[in-house]
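Peer 1: FYI, the UniProt record's numbering numbers position 109 of the sequence shown as 109, with every residue one higher than the one before it.
Cβ atoms here follow ideal geometry from the backbone N, Cα and C, with glycine treated the same way.
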Amino acid sequence: MTTLLSKRQWAYIFIGVLLLLFAIYIMPVSLPLILAFITALSLNPLVKLVERRFQLNRKISTIIIYLTFLILFVVLGTYVITVIVTQLISLVENAPEYILQINNLLLDWSGDLENVMADLPNEFVKEVNNSIQSSVQSGTELLRDVLRVDRLAAIVAAVPNYIVSFIVYLIALFLFMLELPALKAKFYLLFSEETADRIQFMNKRLKSVLVGFLKAQFLVSLVILVVSLIALFIIIPEYAIIMATIIWIVDLIPIIGSIAILAPWSIYMFFAGNALMGTQLAILAVILLAIRRTVEPKVMGQHIGLSPLATLIAMYIGLKLLGLLGFILGPLVVIAFTSAKEAGFIKLNIKL
Numbered sequence: 001m002t003t004l005l006s007k008r009q010w011a012y013i014f015i016g017v018l019l020l021l022f023a024i025y026i027m028p029v030s031l032p033l034i035l036a037f038i039t040a041l042s043l044n045p046l047v048k049l050v051e052r053r054f055q056l057n058r059k060i061s062t063i064i065i066y067l068t069f070l071i072l073f074v075v076l077g078t079y080v081i082t083v084i085v086t087q088l089i090s091l092v093e094n095a096p097e098y099i100l101q102i103n104n105l106l107l108d109w110s111g112d113l114e115n116v117m118a119d120l121p122n123e124f125v126k127e128v129n130n131s132i133q134s135s136v137q138s139g140t141e142l143l144r145d146v147l148r149v150d151r152l153a154a155i156v157a158a159v160p161n162y163i164v165s166f167i168v169y170l171i172a173l174f175l176f177m178l179e180l181p182a183l184k185a186k187f188y189l190l191f192s193e194e195t196a197d198r199i200q201f202m203n204k205r206l207k208s209v210l211v212g213f214l215k216a217q218f219l220v221s222l223v224i225l226v227v228s229l230i231a232l233f234i235i236i237p238e239y240a241i242i243m244a245t246i247i248w249i250v251d252l253i254p255i256i257g258s259i260a261i262l263a264p265w266s267i268y269m270f271f272a273g274n275a276l277m278g279t280q281l282a283i284l285a286v287i288l289l290a291i292r293r294t295v296e297p298k299v300m301g302q303h304i305g306l307s308p309l310a311t312l313i314a315m316y317i318g319l320k321l322l323g324l325l326g327f328i329l330g331p332l333v334v335i336a337f338t339s340a341k342e343a344g345f346i347k348l349n350i351k352l
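#1: Under a Cβ-count criterion, where at least 16 other Cβ atoms within 10 Å of its own Cβ denotes burial, should residue 62 be classed as buried or exposed?
#2: Taking the C-alpha atoms as reference points, what is the distance between residue 70 and residue 29?
#3: State the Cα-Cα distance for the pair residue 239 and residue 251, rounded to the nearest angstrom.
#4: State yes or no: is the C-beta of residue 258 within less than 7 Å of the C-beta of residue 288?
#5: What separation, rounded to the nearest whole angstrom, lies between the Cα atoms of residue 340 and residue 167?
#6: Rounded to a whole number of angstroms, what is the C-alpha to C-alpha distance between residue 2 and residue 10?
#7: Determine, using beta carbons only, whether residue 176 and residue 310 come nearer to each other than 7 Å.
#8: Tell me the DSSP secondary structure of residue 1 in three-state form.
#9: Check the C-beta distance from residue 65 over to residue 50 and give it rounded, since I have them as a contact under 8 Å.
#10: Taking the runs of the alpha helix (DSSP H) that are 4 residues or longer, which of them lie wholly in the region 21-81?
#11: Taking the straight line between their C-alpha atoms, what separation do you get for residue 160 and residue 169?
#12: Starting from residue 268, trace the alpha helix (DSSP H) in both directions and tell me its first and last residue.
#13: Using the Cα positions of residue 171 and residue 27, report the straight-line distance between them to the nearest angstrom.
#14: For the alpha helix (DSSP H) containing residue 236, list its first residue and its last residue.
#15: Distance, Cα to Cα, residue 79 vs residue 89?
#16: Check residue 192 in the structure and name its three-state DSSP category.
#17: Look up residue 323 in the DSSP assignment and say whether it is helix, strand or coil.
#18: From the DSSP output, in three-state form, read off residue 170 for me.
#19: Quick check: the Cα distance between residue 260 and residue 315, rounded to an integer number of angstroms?
#20: Using only the alpha-carbon positions, how far apart do residue 264 and residue 244 sit?
#21: Any heavy atom of the ligand GTP within a distance shorter than 6 Å of the CB on residue 189?
#22: DSSP three-state label for residue 369, please.
#23: Count the other CB atoms, across all protein chains shown, that sit within 10 Å of the CB of residue 331; report buried if there are 16 or more and exposed otherwise.
#24: Give the straight-line distance between the Cα atoms of residue 354 and residue 197, rounded to the nearest whole angstrom.
#25: Could you compute how far the alpha carbon of residue 329 sits from the alpha carbon of residue 32?
#26: Compare the C-alpha of residue 210 against each of 18, 22, 39, 291 and name the closest.
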């Protein structure tokens, strides 16, 4: 077995195993550090721009960009969180009324269904009514369980942990921004000149793909957010910001999309007798779906270089293995594999 593989190939296998163990055990608990590193990479072009434009050293330009990012993040974050919490409290306070409305709606529907099925066998009608009442009771218990005080208290109790993670993120972000050139130089010193050249090729390839993809996705998501906000301020202004934010976040998940929020909401409004709002929400869902489906194929084809099928498979497998983080990392692993093959690290020439 040892004669079939060279020392370099064994080294690659060993490194691959270490990376796999890191992804499974270390990465989930290192999320603040990973996010800080990704943010530092994203802000690095701005740091270089300030260095060149104003002839400043790395430390001063890093401090300027870091403070600017921090101020914008805190101001926008404080405003958004304040508005979302206010509207969320209002939504929780009105939840019992919404539950009662749903119960009354379904019970009325059950009565109408009895009239429609008057000529059918009594046992069949009774079975249908029992199913409807059972569904109503299950739905009510589920909503009450989700909105229990102890669950909300558990969320509040987790806030200190999030604060610690956020502080670690901010400190790590500044240090990564400051030390990024040195870290890059030390990383390339670990390899021979030939291997370093191949890694640089992979790095450029991945950078161009990721930057292009993230830029396109960010622009599309901004369009989705703006359209949702404008539409919801017209349809239901009291919950416009929180619902637009939820729609925006869900729409970032390609498999699910904004239709997962707007379709049930629209159907409920139709059953509740508000046909106007139901129609408006349905139109908004169609508009957002059209925006996403028009731009997404170009994003996948031009910026990622993967087919939609390959992207879907990578996202699904990543989701099953690593959860939400794997959902994001799945396509990146496929892109890294393709880049490694182009750079000559992986040579596959299998013919049957």
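Peer 2: Let me lay it out:
#1: Here residue 62 refers to the residue found at position 62 of the sequence shown. Residue 62 comes out buried.
#2: To locate residue 70, count along the sequence shown from 1; it is residue 70. To locate residue 29, count along the sequence shown from 1; it is residue 29. Cα-Cα distance, rounded: 24 Å.
#3: Counted from its first residue, the sequence shown places residue 239 at position 239. Counted from its first residue, the sequence shown places residue 251 at position 251. Rounded to whole angstroms, residue 239 to residue 251 spans 18 Å at the Cα level.
#4: Locating residue 258 in the sequence shown gives position 258, where the first residue counts as 1. Locating residue 288 in the sequence shown gives position 288, where the first residue counts as 1. Taking 7 Å as the Cβ cut-off, residue 258 and residue 288 qualify as a contacting pair.
#5: The count along the sequence shown starts at 1 and reaches residue 340 at position 340. The count along the sequence shown starts at 1 and reaches residue 167 at position 167. Distance between the alpha carbons of residue 340 and residue 167 is about 35 Å.
#6: Position 2 of the sequence shown, counting from 1, holds the residue named residue 2. Position 10 of the sequence shown, counting from 1, holds the residue named residue 10. In this predicted model, residue 2 has a pLDDT of only 49, less than 50, meaning its place in the structure is not dependable enough to derive any value.
#7: Within the sequence shown, residue 176 is the residue found at index 176, counting from 1. Within the sequence shown, residue 310 is the residue found at index 310, counting from 1. Contact: no.
#8: Here residue 1 refers to the residue found at position 1 of the sequence shown. Because the pLDDT at residue 1 is just 46, under 50, the model does not fix this residue reliably, and the value given afterwards should be weighed accordingly. Coil at residue 1, not helix or strand.
#9: Position 65 of the sequence shown, counted from the start, is the residue given in the question as residue 65. Position 50 of the sequence shown, counted from the start, is the residue given in the question as residue 50. Right, the Cβ-Cβ distance comes to about 6 Å (below 8 Å), so this counts as a contact.
#10: 31-54
#11: On the sequence shown, position 160 is the one that residue 160 refers to. On the sequence shown, position 169 is the one that residue 169 refers to. Taking the straight line joining both Cα atoms gives about 14 Å.
#12: On the sequence shown, residue 268 is found 268 positions in, with the first residue counted as 1. Residues 259-271.
#13: Your numbering for residue 171 matches position 171 in the sequence shown. Your numbering for residue 27 matches position 27 in the sequence shown. Computed Cα separation, rounded: 18 Å.
#14: Taking the first residue of the sequence shown as 1, we reach residue 236 at position 236. Here residue 236 belongs to no alpha helix (DSSP H), and DSSP marks it neither H nor E.
#15: As a position in the sequence shown, residue 79 is number 79, starting the count at 1. As a position in the sequence shown, residue 89 is number 89, starting the count at 1. Using only the alpha carbons, I get a separation of about 16 Å.
#16: Within the sequence shown, residue 192 is the residue found at index 192, counting from 1. Three-state result, residue 192: coil.
#17: Position 323 of the sequence shown, counted from the start, is the residue given in the question as residue 323. It is coil, neither helix nor strand.
#18: In the sequence shown, residue 170 corresponds to position 170, counting from 1. DSSP places residue 170 in helix when its eight states are reduced to three.
#19: Working through the sequence shown from its first residue, we reach residue 260 at position 260. Working through the sequence shown from its first residue, we reach residue 315 at position 315. Spanning the two alpha carbons is a distance of roughly 18 Å.
#20: The residue you call residue 264 lines up with position 264 of the sequence shown. The residue you call residue 244 lines up with position 244 of the sequence shown. If I take the Cα positions, the gap works out to 15 Å.
#21: Within the structure as shown, the ligand GTP is missing, as the structure has no ligands at all.
#22: Nothing can be reported for residue 369, as the shown portion of the chain is limited to 1 through 352.
#23: Taking the first residue of the sequence shown as position 1, residue 331 is located at position 331. Under this definition residue 331 is a buried residue.
#24: Here the chain covers residues 1 to 352 and nothing more, so residue 354 does not appear.
#25: Along the sequence shown, read from residue 1 onward, the residue named residue 329 stands at position 329. Along the sequence shown, read from residue 1 onward, the residue named residue 32 stands at position 32. Those two C-alpha atoms are separated by around 16 Å.
#26: Here residue 210 refers to the residue found at position 210 of the sequence shown. For residue 210, the nearest C-alpha among the options comes from 39.
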